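Report on the following structure.
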Amino acid sequence: MEKPRTVRTPSQAAEAMAQNWQLIDALMVGTSAMRVATKAFMPQWPNEPDGSYQDRVKTATLFPAFSRTVEVLSSKPFSKPLTLSDDVPDRIKEWSEDIDLQGRNLHAFADSISTDALARGIAGILVDHPPVKGARTKADEKKIGARPYFVQISYKDVLGWKSKRINGVETLTQLRLLESAIVEDGPFHEKLVEQVRVLYPGKWETWQERTPKEGGEKRWVKVDDGTTSLKKIPFIPVYGKRTGFMMGEPPLLELAHMNVEHWQSKSDQQTILHIARVPILFAKMLGEANIVVGGSSAVQSDSEHGDLKYVEHSGKAIEAGRLSLLDLEDRMRQIGAELLVIKPGNTSITQTLADNEPGMCALQRIAQGLEDALDSALQLMAEWVGEGKGGHVQLFKDYGVHSLSEASMTLLREMNVDGTLSDELLFIEAQRRGLVSPDITWEDEKGRIAQNRPKAREATKPSNPAAG
């Protein structure tokens, strides 16, 4: 029997997007989350004992291809400071130094939103304003210090929405957000409970699950409501890969699935390495003699066919597994690098006005969308306080490249700089891409690099030992 729908029930659209959340969350957290997920991402082999399976899960480690790619790519628009245009009002510029009332400036806030949008395919900005008791005018609010602020909304917490086309524009008419609220738990304690906030144009409600006084099952009831001076829902979606209004999918979803494949294959490789490293002692026709193996021991046999030897793995399967993992890692790098490659004809509306403008890579288009979303959020902030315009922001977008090899080398170079890729492997990858002559060896190049490094100045001794 289908459960009755409540204010807490996700919509079909929200549920459809949520199918990817467990995968994305686990890969972004890393090895510990993948181990907790166990069978969701690490299947148990047929006839594999539970103990052996748990040991295999506990020793598996994740190659962080997805999380590292998201981190590198999402930070590119923020490798230079975000800038505010001259049309941003002075007080909004001041608020931008603590845009979320949690100490983050607009640059740091936008960087975090960029990561979430690139990982999940969509994120959200709620431009909220605290309720002000006793304030009747804008002047009263200013005196109290109340002002609008940004809230980063993860789409895990978006339960559903309704929209309508108004004056030709698709407009939110309802939005349900899952929150946590602090409630009293006895005379000395507090606890967190789930709460649903429902937003409408010009008003809001909060709902919590309560047990009726007369007993029975818990049910969701409205616990608070109110009105706002803003006659619209102050929520802006930020798209990584838009699939519809308020909907998106991870642009690196295939990379995420390949990262799980690598997680599973690497576990197989670790298992076969463990088996191969332990040779098996094979005895043939030694009778009932007690076998003692050691440096000062000997084993005798009365049979001419007797034999005693160690049987070891040939290693062919190990090498095949190692090459398979390396190939998979290379394909994952290629998928991540594709977002940096400028594609012919991939231009924006503005760029079509100038013949000399190049196309845009996918990451530049995502950054352009984030820039537009931030402009819209600043406009909402302005409307909260009666300003005419919120102004505009500019993000750094000059990082597109023209070939996949160049793009993948860019990612590898950044991994080398932060210490997650060795100098030797970077040299090998550059040589494999034809960027370094095949006649050069790493050992020779390492010597040349050492010669190029600045040498410490030698202390000069005075020519006259008696000189002071």
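Counting from 31, one number per residue, gives the positions in the sequence shown under my numbering.
Even for Gly, the Cβ is constructed at its ideal location relative to N, Cα and C.
In this text, all values refer to a predicted model and were calculated from it rather than measured experimentally.
May I ask which residues mark the beginning and end of the alpha helix (DSSP H) holding residue 440? 434-447
Best match in 126, 118, 199 and 158 for proximity to residue 414 [C-alpha to C-alpha]: 158
On the premise that residue 95 lies in contact with residue 292, defined as a C-beta separation below 8 Å, what is that separation, rounded to the nearest angstrom? 7 Å
For residue 222, count the other beta carbons within 10 Å of its own beta carbon; 16 or more makes it buried, fewer makes it exposed. Which is it? exposed
Return the residue from the list 253, 208, 204 and 252 that minimises the CA-CA distance to residue 231. 204
Going by the CB atoms, is the gap between residue 289 and residue 57 shorter than 8 Å? yes
Taking only the alpha-carbon atoms, compute the straight-line gap between residue 218 and residue 450 and give it to the nearest angstrom. 48 Å
Residue 237 beta carbon less than 8 Å from that of residue 258: no
So, using beta-carbon positions, are residue 241 and residue 252 closer together than 8 Å? no
Among 138, 121 and 98, nearest to residue 112 - alpha-carbon criterion: 138
What span of residues does the alpha helix (DSSP H) with residue 154 cover, start to end? Careful: residue 154 lies outside any alpha helix (DSSP H), inside the beta strand (DSSP E) at 152-158.
Once DSSP output is grouped into helix, strand and coil, what is the label at residue 86? helix
To the nearest angstrom, report how far apart residue 63 and residue 92 are at their CA atoms. 10 Å
Where does residue 37 fall in DSSP's three states? coil
Local Cβ density within 10 Å of residue 66, reported as buried at 16 or more and exposed below that: exposed
To the nearest whole angstrom, what separates the beta carbons of residue 274 and residue 396, a pair I think is in contact under 8 Å? Contact flag wrong, Cβ pair sits at about 17 Å.
Which of the three DSSP states is assigned to residue 477 in this structure? helix
Any heavy atom of the ligand GTP inside 7 Å of the beta-carbon of residue 409? In the structure shown, the ligand GTP is absent, as is every other ligand, since no ligand is present at all.
Measure the alpha-carbon distance for residue 150 versus residue 470 and round it to whole angstroms. 42 Å
For residue 110, does the three-state DSSP call read helix, strand or coil? coil
Between the C-alpha atoms of residue 390 and residue 364, what's the straight-line distance to the nearest angstrom? 18 Å
Sort out for me which residues DSSP pairs residue 395 with in a bridge. DSSP, once it has assigned bridges, lists no residue as partnering residue 395.
So does the region 431-438 actually touch the region 113-123, counting three or more Cβ pairs closer than 8 Å? no
Between the alpha carbons of residue 442 and residue 129, how many angstroms are there, rounded? 34 Å
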